[in-house]
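Undergrad:
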Amino acid sequence: MSTSAINLADSARPLPRKLRFGSFEVDLQERELYNRGIRIGLQHKPFRILELLLRKRGVLVTREELAQYLWPDLHVSFDRGLNTAVNVLRRTLGDSPTNCRYIETRSGLGYRFIAHVEEIGEPDPAAVAAPAHSIAVLPFDAAPSDSTLVLLADGMTESLIARLSALGDIRVIARTTAFYFRGKHNRAQAQAAGSDLKVRTILTGRITREGEWLRISTELIEVESARRLWGDDFTTLPVGILSAEKKICEAVSQTLGLPNHRPRPVYKTYTTSFEAYQDYLKGRYFYSKMTEENLRKSIAYFESALKQDPGYALAYSGLANTYSLFALTGVLPAAVAHVRSREFALAALQIDHKLAEAHAALGGVKKLFEWDWAGAEKEYLTALDLNPNYADGRHWYAALLCCLGRMEEAMHELRRAQELDPLSVVISTEIAWTFYMSRDFQAAAEQSWKTLAIEAKHAPAQHTLGLACEQSGLFEEAITEFENARICSGDHPVTIAAHAHAQASSGNRDQALRTLRELEEISLRRHVSPYWMSIVHAGLGAHETAFEWLEKALDERDAWLVWMKVEPRFDPLRPNIHFDRALQRLGLL
249 MSTSAINLAD
259 SARPLPRKLR
269 FGSFEVDLQE
279 RELYNRGIRI
289 GLQHKPFRIL
299 ELLLRKRGVL
309 VTREELAQYL
319 WPDLHVSFDR
329 GLNTAVNVLR
339 RTLGDSPTNC
349 RYIETRSGLG
359 YRFIAHVEEI
369 GEPDPAAVAA
379 PAHSIAVLPF
389 DAAPSDSTLV
399 LLADGMTESL
409 IARLSALGDI
419 RVIARTTAFY
429 FRGKHNRAQA
439 QAAGSDLKVR
449 TILTGRITRE
459 GEWLRISTEL
469 IEVESARRLW
479 GDDFTTLPVG
489 ILSAEKKICE
499 AVSQTLGLPN
509 HRPRPVYKTY
519 TTSFEAYQDY
529 LKGRYFYSKM
539 TEENLRKSIA
549 YFESALKQDP
559 GYALAYSGLA
569 NTYSLFALTG
579 VLPAAVAHVR
589 SREFALAALQ
599 IDHKLAEAHA
609 ALGGVKKLFE
619 WDWAGAEKEY
629 LTALDLNPNY
639 ADGRHWYAAL
649 LCCLGRMEEA
659 MHELRRAQEL
669 DPLSVVISTE
679 IAWTFYMSRD
689 FQAAAEQSWK
699 TLAIEAKHAP
709 AQHTLGLACE
719 QSGLFEEAIT
729 EFENARICSG
739 DHPVTIAAHA
749 HAQASSGNRD
759 QALRTLRELE
769 EISLRRHVSP
779 YWMSIVHAGL
789 GAHETAFEWL
799 EKALDERDAW
809 LVWMKVEPRF
819 DPLRPNIHFD
829 RALQRLGLL
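Using this note's numbering, read the sequence shown as starting at 249 and increasing by one per residue.
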């Protein structure tokens with residue numbers, strides 16, 4: 249290949265240092281890519297491809313041009329290497345060759361960058377300054393070979409995030425996003441993480457063993473200057489770790505000069521039992537995994553924590569949330585989950601009526617099982633007043649608003665939740681779900697791609713992407729996404745139901761009936777929501793049967809019914825008077 253065959257300098261436009269497209273920003277000087285302000289690792293050759301496509305945006309770039317740009321001295325086949333680099337770039341951008349938003353493929357010829365691109369000038373520092381009081385607690389370091397110490401370090405990180413969040417006078421990055429920065433312990437790494445997260449300060453720490461004692465070393469770093477604002481070492485027996493947490497929070501609050509007009513739940517000790525604390529941390533760890541097996545483990549650990557300390561309100565809240573999730577995921581019938589979730593939420597409130605997690609848990613009970621919409625909203629608002637940094641609480645409140653059709657308010661709460669937890673795939677998927685329920689299917693698809701750029705095998709995002717494609721008439725793409733969701737979820741019934749509905753909507757009735765039979769066979773082994781069965785029959789045009797399943801769902805107070813008012817797949821049923829009657833029973837009409 250001749251290096252003189254194509255003069256890239258003649259055909260390419262000059263570029264400024266920074267460009268923006270979609271939710272992405274690219275710094276060509278530093279060769280860095282950002283998604284919503286978070287730096288994303290992109291290998292050298294995929295980045296070079298992006299650079300050339302941006303330079304020649306709107307114009308077809310042939311495979312030969314790209315090969316010359318990447319391998320100017322190569323004289324053998326480049327196809328495999330180029331295909332790999334393009335696929336890596338696509339995955340990073342959450343793009344698809346069949347439903348492209350950024351990179352269009354011209355089969356056998358090359359690629360064209362098709363998205364709108366903005367040039368970014370050097371920002372006014374005042375315009376992009378982090379909030380006056382903002383912090384990220386990075387995962388505390390511990391020797392990887394010591395699993396008990398790693399658990400303690402992770403638990404201490406999560407506990408410090410929760411305690412600082414409860415202050416309300418400071419923006420605190422939530423756990424999910426903070427844990428993406430595991431291993432960033434030296435000052436330069438912490439400063440870079442803080443810059444990515446747009447916070448003023450970073451708290452780092454390390455836990456080591458010294459015989460029976462633990463040594464906890466902490467540093468509070470100012471992001472802009474990398475200056476150490478505060479630091480200390482604490483030597484304690486394991487039972488004293490809760491006291492160390494309290495001292496660290498007090499020191500951070502005093503160092504940052506936080507206002508004193510709010511009560512200080514940060515100083516509260518929720519249990520004095522180190523064993524209960526350890527079990528609670530394990531329960532939280534398994535809860536975050538969100539699979540049926542791990543959720544069952546989380547229940548066992550929360551129950552063990554309560555055996556150690558029957559007054560541990562946070563453990564009761566953990567149980568309440570887990571049983572509510574059991575109903576949503578179909579692990580338990582709603583009637584069973586309702587009784588347990590309500591019992592545990594009320595137990596938590598009886599112990600501590602100012603615990604945000606307990607009010608949010610009760611809000612979930614009132615929303616999912618009791619259809620007490622005003623009561624649910626009151627509990628969520630109370631939780632957020634007690635802890636404005638409670639990202640999960642904002643997410644759950646947004647879901648309530650979406651169920652009620654208050655879409656703008658829902659999206660506002662979700663955006664606030666995302667500011668606190670920008671890398672949460674759960675919140676990102678909820679944004680896509682809300683777009684879907686709002687009937688903005690293009691936005692739902694785009695948001696789902698953004699989620700999949702963070703976690704490529706996140707089944708709920710694949711499921712929501714499939715729904716958006718189906719409602720847009722892209723049946724082949726929808727069926728592919730539902731197949732992906734089935735694989736990644738282990739054939740969860742909700743993905744099978746969605747798959748059957750899409751097959752029916754695409755005109756493949758026979759295949760839809762075969763998929764329905766799969767769902768019926770699964771229902772002999774585990775609980776399958778009647779709501780999901782109704783969805784399938786609505787897609788098949790069997791409206792009478794669909795209403796029979798909806799009636800069964802109403803009798804069982806199925807947790808998924810909360811979405812009935814806004815679910816697009818129920819549109820064919822809306823003209824029927826039975827649909828309005830069902831909404832009346834739900835209190836949604």
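For each residue, glycine too, the CB sits at the ideal point set by N, CA and C.
Just so we're clear, the structure is a prediction, and the values are computed from it rather than from any experiment.
Ordered along the chain, which non-local residues of its own chain (more than five positions away) have a Cβ less than 6 Å from that of ALA646?
TA: Result list for ALA646: ALA658, GLU661, LEU662, in chain order.
Undergrad: Using a Cβ distance threshold of 8 Å, determine whether the stretch 520-531 contacts the stretch 429-440, with at least three qualifying pairs required.
TA: Verdict: no, contact absent.
Undergrad: In or out: SER355 buried (at least 16 other Cβ within 10 Å) or exposed?
TA: Burial call: exposed.
Undergrad: Alpha carbon to alpha carbon, what distance is there between SER572 and ALA608?
TA: When rounded, the distance between both Cα atoms is 11 Å.
Undergrad: Since PHE730 and HIS747 are thought to touch, with beta carbons under 8 Å apart, how far apart are those beta carbons, to the nearest angstrom?
TA: Going by Cβ atoms, the distance from PHE730 to HIS747 rounds to 4 Å, so yes, they are a contact pair.
Undergrad: Hey, how far is the Cα of ARG457 from the Cα of ARG463?
TA: So the two alpha carbons sit approximately 6 Å from each other.
Undergrad: Hey, how far is the Cα of LEU764 from the Cα of ASN635?
TA: If I take the Cα positions, the gap works out to 44 Å.
Undergrad: For the stretch 758-776 and the stretch 796-812, state whether three or more C-beta atom pairs, one from each stretch, are separated by less than 8 Å.
TA: Verdict: no, contact absent.
Undergrad: Below 8 Å between beta carbons: does that hold for LEU415 and VAL385?
TA: No.
Undergrad: What number of angstroms, rounded off, separates the C-alpha of ASP640 from the C-alpha of PRO320?
TA: When rounded, the distance between both Cα atoms is 50 Å.
Undergrad: Mind checking ASN255: buried by the 16 CB within 10 Å criterion, or exposed?
TA: Low confidence applies to ASN255: its pLDDT is 38, below 50, so where it sits in the model is not reliable enough to give any reading.
Undergrad: Could you name the residues that DSSP lists as bridge partners for ILE455?
TA: ILE464, per the DSSP bridge assignment.
Undergrad: Which of helix, strand or coil does DSSP assign to ALA384?
TA: Strand.
Undergrad: Around the C-beta of LEU330, are 16 or more other C-beta atoms found within 10 angstroms, so that it is buried, or is it exposed?
TA: The residue in question, LEU330, is buried, as its Cβ has 16 or more Cβ neighbours within 10 Å.
Undergrad: Does the stretch 684-704 touch the stretch 332-343, meaning 3 or more C-beta pairs lie closer than 8 Å?
TA: Because the criterion of three Cβ pairs below 8 Å is met, the stretch 332-343 and the stretch 684-704 touch.
Undergrad: Comparing alpha-carbon positions, which option in PRO823, LEU616, ILE351, GLU278 lies nearest ALA582?
TA: Taking only the C-alpha atoms, the option nearest ALA582 is LEU616.
Undergrad: Does the contact criterion of 3 or more C-beta pairs under 8 Å hold for the stretch 574-593 versus the stretch 536-550?
TA: The stretch 574-593 is in contact with the stretch 536-550.
Undergrad: Give the DSSP-derived three-state secondary structure of ASP394 in the structure shown.
TA: It is coil, neither helix nor strand.
Undergrad: Does the stretch 293-310 come close enough to the stretch 721-739 that 3 or more CB-CB pairs lie under 8 Å?
TA: Contact fails: fewer than three Cβ-Cβ distances are below 8 Å.
Undergrad: What residues are listed by DSSP as bridge partners for ASP480?
TA: For ASP480, which the question treats as bridged, DSSP gives the partners THR466.
Undergrad: Look up LEU256 in the DSSP assignment and say whether it is helix, strand or coil.
TA: Residue confidence for LEU256 is low, a pLDDT of 37 falling below 50, so the modelled location carries little weight and cannot support an answer.
Undergrad: Could you compute how far the alpha carbon of ASN824 sits from the alpha carbon of LEU267?
TA: When rounded, the distance between both Cα atoms is 51 Å.
Undergrad: With respect to the alpha helix (DSSP H) encompassing GLY612, which residues constitute its N-terminal and C-terminal limits?
TA: Per DSSP, GLY612 belongs to the alpha helix (DSSP H) from 604-616.
Undergrad: Quick check on the DSSP output: the beta strand (DSSP E) that includes VAL274 runs from which residue to which?
TA: Note, VAL274: beta strand (DSSP E), 272-275.
Undergrad: Helix, strand or coil: which one does DSSP assign to ILE351?
TA: Three-state DSSP puts ILE351 in a strand.
Undergrad: Just checking my contact of LYS530 with TYR549 at CB under 8 Å: how many whole Å lie between their CB atoms?
TA: Sure, about 4 Å apart at Cβ, within 8 Å.
Undergrad: How long is the line joining the alpha carbons of ASP402 and ASP819, rounded to whole angstroms?
TA: About 46 Å.
Undergrad: I'd like to know if the stretch 434-452 and the stretch 561-569 are in contact, where contact means that at least 3 CB-CB pairs between them fall below 8 Å.
TA: No: the two stretches stay apart, fewer than three of their Cβ pairs being nearer than 8 Å.
Undergrad: Using alpha carbons as the reference points, say which of LYS494, GLU299, ASP444, SER344 lies closest to LEU408.
TA: Out of LYS494, GLU299, ASP444, SER344, LYS494 has the C-alpha closest to the C-alpha of LEU408.
Undergrad: Let's test the definition: count the other Cβ atoms within 10 Å of the Cβ of GLU278 and tell me whether it reaches 16, buried, or not, exposed.
TA: Exposed, because fewer than 16 other Cβ atoms sit within 10 Å of the Cβ of GLU278.
Undergrad: Is VAL420 near ASN283, with beta carbons less than 8 Å apart?
TA: In this structure, ASN283 does not lie closer than 8 Å to VAL420 by Cβ.
Undergrad: Would you report the Cα separation of THR332 and ARG360, rounded to the nearest angstrom?
TA: So the two alpha carbons sit approximately 17 Å from each other.
Undergrad: First and last residue of the alpha helix (DSSP H) that includes GLU366?
TA: Element bounds for GLU366: not the alpha helix (DSSP H) but the beta strand (DSSP E), 366-368.
Undergrad: Given this structure, state the Cα-to-Cα distance separating ASP859 from PHE534, to the nearest angstrom.
TA: Since the first and last residues shown for the chain are 249 and 837, residue 859 lies out of range.
Undergrad: With which residues is ASP389 paired in a DSSP beta bridge?
TA: Note: ASP389 sits in a beta bridge opposite ARG454.
Undergrad: Kindly indicate which three-state DSSP category ASN331 falls into: helix, strand or coil?
TA: ASN331: helix per DSSP, three-state reduction.
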